[in-house]
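All remarks here apply to the structure that follows.
Residue numbers (my numbering): -10 to 656.
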């Protein structure tokens, strides 16, 4: 073990970099880095496998700072260990515009940050996904290529958030024994003592969820090290409850909420320097201490080289598959397979619910893309996310490609983020669109990080029928479309569904949601087109030059738009129908294309069984909208469409009235 004096000086380097950066920024959370510095020092100097010079090494251990408000802990570590992205200049400019040292750790800003954390509990749940990915890839490629641990530092807030229970229950069930969570048990939250609001026995809670638990003094490096050794030999995930003092070393604020979320102040920091015997200027790290940290950063170099040799020695086919998948590239035959499937759909012209069309598309996709890993939040039979290629993963057998997440939508969405962040797998899962409310924080973080996760969101409107307004999404499409960097698809038939799936899989730098129907829909694309028309976001389904009326619609309402078009044509006017499967992709088209699609028809109408928000982009403020302005009701879906006036007859009457009004104005 490292001599105690040496350990203390290395841990103090974390403490002083952290408190000095927060003080200079006049903003931040010094308490956690000061309290958890001993844990981090032991972990990174004795146990973590990583390479600052090659930070993307696939077989590195993952470290997740779930308590992301303590971000200076990880920034200090990355600087001390020699990661090039985090310089002393970055540390000095903590929380400043244009620097990588953001207020909470941001994935993609700097190497060594495995996920974006801040919303409490997310990092813990992401780590469950990372551990799932490690176990799955080890099963598939062998432990000579994938064999590593996932470590998490979580605080009281992470464990109070409800997502934590979803995550730890799933991890315990799946026996993810390479997942180790350090609970920074300092008993303090923003309002004061945790006892103000919570009296949970966290150790018992983890035990009840199938975890191994260990309790230690978080400031005793030998005890922390012994706990990690025990955790690494466990057949279950391990929670190490580390009793710590928030703001350790601060003479007046240690152990209080005053050390949590604000700078300590110059006088208090001076007191810490005296207490911890640190006679150095702000941001000054003694050369011998920095040397010790930089040597710790090199501790896995030989292991990394040995791993590279093993990769090189493995069979060419296995090596190529591993390299391709870790690079996030789709297999070479993917486009051809999807094109052939579109030809088949054009010939068959199937009538079926788009949730069934999604299942059929997945049957093709899962056969050609071995890295897809599916799942559902206990709605497999409704979401249709399981195919013949995706046997269930069980606690004792990870050879399958399907996860039964249980009724844990939020934990599922966050675990999917972790799977995607790990690399080598493409996660998709199923739930009802209405329950995207439960997934939303994780979907938002996926969009912020720019990662490929795919949410199958079925029962996408009042078309689900009898379950009633609690299950009928009305505002959800508009809400999700408002989220930057999320592709929200709503296909109209089997061909559009296949195209949307292809686009979602090809979108490496953003998540996707695919809204799908419960009710059957006819084929609206009845001839083969080589181009992926959904890639345009909106396109002419029934073209017409100088049309009197342009009808915009998505999903199940495209069928109604086509019926409305026939009625308009029969009345002597010309009409065109524009299918709008993806608002976001439409906005990425050229100005010329967008203007051509929007057109100059004197009458524009949009039809969607949701709220109007977002559709004025297509129809203008004075356009006609046929959709929902209230919540739904419980009845057979055809009765509901009639009751709420989402029919071709109602649409035609509104169009006819406006055409007559315009004709009267012209006269």
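Every residue gets a Cβ at the ideal spot worked out from N, C-alpha and C, and that includes glycine.
Residue 171 to residue 61, Cα distance in whole Å? For the purposes of this step, residue 171 is taken as residue 182 along the chain shown, with counting starting at 1. For the purposes of this step, residue 61 is taken as residue 72 along the chain shown, with counting starting at 1. Cα to Cα, the separation comes out at about 17 Å.
Range of the contiguous alpha helix (DSSP H) that encloses residue -7: As a first step, residue -7 must be located in the chain shown, where it is residue number 4. If you look at residue -7, you'll find it in the alpha helix (DSSP H) that goes -7 to 14.
Among residues of its own chain, excluding the 5 on either side of residue 174, which ones have a beta-carbon nearer than 8 Å to its beta-carbon? In the chain shown, residue 174 corresponds to position 185, counting from 1. Cβ neighbours of residue 174 beyond the five flanking positions: 145, 191, 207, 230, 231, 232, 233.
Distance between beta carbons of residue 22 and residue 101, contact taken as under 8 Å: Stepping through the chain shown from its first residue, residue 101 is reached at position 112. Stepping through the chain shown from its first residue, residue 22 is reached at position 33. About 15 Å; that fails the 8 Å criterion.
At 3 residues or longer, what runs of the beta strand (DSSP E) sit wholly inside the segment 365 to 402? 391 to 393
From 168, 214, 160, 169, pick the residue whose C-alpha is nearest to that of residue 197; which is it? Within the chain shown, residue 197 is the residue found at index 208, counting from 1. With distances taken between Cα atoms, residue 197 lies closest to 160.
Residue 416 - DSSP class collapsed to helix/strand/coil: Within the chain shown, the letter at position 427 stands for residue 416. Strand.
Per DSSP, what kind of secondary structure is residue 34 in: helix, strand or coil? In the chain shown, counting from the first residue as 1, residue 34 sits at position 45. In this structure, residue 34 counts as helix in the three-state DSSP scheme.
Of the residues 335, 256, 187, which one's Cα is nearest the Cα of residue 9? The residue labelled residue 9 in the question sits at position 20 within the chain shown. It is 256.
Taking DSSP as the reference, what is the three-state secondary structure of residue 554? Taking the first residue of the chain shown as 1, we reach residue 554 at position 565. In the structure shown, residue 554 sits in a helix (DSSP, three-state: H, G or I).
Cβ neighbour criterion (16 or more within 10 Å) applied to residue 72: Residue mapping note: residue 72 aligns to position 83 of the chain shown, counting from 1. Buried, by the Cβ-count rule.
Judging by CA-CA distance, which residue of 25, 651, 497, 486 is the nearest neighbour of residue 243? Sequence index remark: in the chain shown, residue 243 carries index 254 (1-based). If we check each option's Cα against that of residue 243, 25 comes out closest.
Helix, strand or coil: how does DSSP classify residue 633 here? Here residue 633 is taken as the residue at index 644 of the chain shown, counted from 1. Three-state result, residue 633: coil.
Which two residues bound the contiguous beta strand (DSSP E) that contains residue 444? Taking the chain shown and counting its residues from 1, the one referred to as residue 444 is at position 455. Residue 444 -> beta strand (DSSP E) spans 443 to 447.
Can you tell which of 547, 86, 84, 298 has the C-alpha that lies nearest to the C-alpha of residue 615? Residue mapping note: residue 615 aligns to position 626 of the chain shown, counting from 1. Taking only the C-alpha atoms, the option nearest residue 615 is 547.
Thinking residue 168 and residue 117 are a contact (beta carbons under 8 Å), I'd like their distance in whole angstroms, please. Taking the first residue of the chain shown as position 1, residue 168 is located at position 179. Taking the first residue of the chain shown as position 1, residue 117 is located at position 128. The Cβ separation is near 7 Å, so the contact holds.
When 544, 524, 495 are compared against residue 510, the one with the closest alpha-carbon: Translated into the one-based positions of the chain shown, residue 510 becomes position 521. Ranking 544, 524, 495 by Cα distance to residue 510 puts 544 first.
Which of the three DSSP states, helix, strand or coil, is assigned to residue 296? As a position in the chain shown, residue 296 is number 307, starting the count at 1. It is helical.
Please classify residue 564: does DSSP put it in a helix, a strand, or coil? For the purposes of this step, residue 564 is taken as the residue at position 575 of the chain shown. DSSP places residue 564 in strand when its eight states are reduced to three.
Uninterrupted beta strand (DSSP E) stretches inside the segment 581 to 638 (no shorter than 3 residues): 592 to 596, 613 to 615
Alpha-carbon spacing of residue -5 relative to residue 67, whole angstroms: As a position in the chain shown, residue -5 is number 6, starting the count at 1. As a position in the chain shown, residue 67 is number 78, starting the count at 1. Taking the straight line joining both Cα atoms gives about 19 Å.
Other residues of its chain near residue 618: CB distance less than 8 Å, five sequence neighbours each side excluded: The residue given as residue 618 occupies position 629 in the chain shown. If we look at residue 618 and ignore the five residues flanking it on each side, its Cβ neighbours are 600, 601.
What's the gap between the Cα of residue 367 and the Cα of residue 49? Translated into positions along the chain shown, residue 367 becomes position 378. Translated into positions along the chain shown, residue 49 becomes position 60. Roughly 33 Å separates the two Cα atoms.
Kindly indicate which three-state DSSP category residue 96 falls into: helix, strand or coil? By one-based count along the chain shown, residue 96 stands at place 107. Coil at residue 96, not helix or strand.
What's the call for residue 264, buried or exposed, on a 16-neighbour Cβ count within 10 Å? Reading the chain shown from its first residue, position 275 is the one you call residue 264. The residue in question, residue 264, is exposed, as its Cβ has fewer than 16 Cβ neighbours within 10 Å.
Rounded C-alpha distance that separates residue 652 from residue 635: For the purposes of this step, residue 652 is identified with residue 663 of the chain shown, where counting begins at 1. For the purposes of this step, residue 635 is identified with residue 646 of the chain shown, where counting begins at 1. Answer to the nearest angstrom: the Cα atoms are 25 Å apart.
Considering Cα atoms alone, identify which of 245, 499, 65 is closest to residue 235. Position 246 of the chain shown, counted from the first residue, corresponds to residue 235. Comparing Cα positions, the closest option is 245.
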